[in-house]
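Residue numbers (the numbering used here): 13 to 196.
Glycine is no exception: its CB is placed at the ideal position from the N, C-alpha and C atoms.
Note that the structure is predicted; figures quoted are calculated from it, not measured.
Structure record follows, encoded as structure tokens.
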Amino acid sequence: MRTKTAKGASWTVVPSVTIEPNSSVEFAVSIGVGAAPGASQVVIVSGKTNDPNHPNWELPIRIARVTDWVTSEPTAVVFDSTQVPFQPIQKLIIYANGDDTRQITGAKPFPPERFITRVQPAPAGTPPHPTAGKAIGLIEVELKSLPPGPVWGQLAIEVDGQLPDEKVHLPITGEVPSAETPTK
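Shown next, in the form of structure tokens:
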């Protein structure tokens, strides 16, 4: 057996398995989930046979919803320099992602000296997300200072007193316009 890697994924190649006619063999498959929480993911397991009528086979494995953490709309905090007037506060609706008992207990921006965060209840009447279910809160992200130029950072959403690992931090991006930036 050997392991191959491409496009950030790796897999093990099984050189050969012999299956007698009218029999079967069982395979165990481990799948590395790369989709964001709330999203779905399809992984294709494939192989070759010596059957001339069916030389290749594929088995699509669908993960209907990744439930590792909460889901947000939008999926990033974007400060848009083309928006007139410029909005130094952005809002995210946070969804339970299949576990309605979850509670947002904080929002930690990185770098903390650049942003202020506020956690609030979800607005009344917020419809459920198509894949992530019930809205459990709203997070406001505000720029502490407005020097013109690029905005970058990350937002970690604390749920039930736990912070996620870095793979599920939300990006903070955008640009603060200069005073000379023309308006629409």
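In the assembly as shown, VAL171 is a buried residue. Its beta-carbon has 16 or more other beta-carbons within 10 Å. Within the same chain, and ignoring the five residues on either side of THR117 in sequence, the residues whose Cβ sits closer than 6 Å to its Cβ are GLU170, GLY173. PRO33 and GLN115 have their C-alpha atoms roughly 54 Å apart. In this structure, DSSP gives VAL180 a helical state, which the three-state scheme calls helix.
Just measuring C-alpha positions, the residue of GLU70, VAL96, SER28, ASN65 sitting nearest ALA191 is VAL96. Between VAL29 and SER35, the alpha-carbon positions lie close to 12 Å from each other. Per DSSP, reduced to three states, the secondary structure at SER35 is coil, with no helix or strand assignment. The shortest CA-to-CA distance from HIS66 to any of ALA147, SER58, THR185 is the one to SER58. GLU187 sits close to GLY161, with the two beta carbons spaced by under 9 Å.
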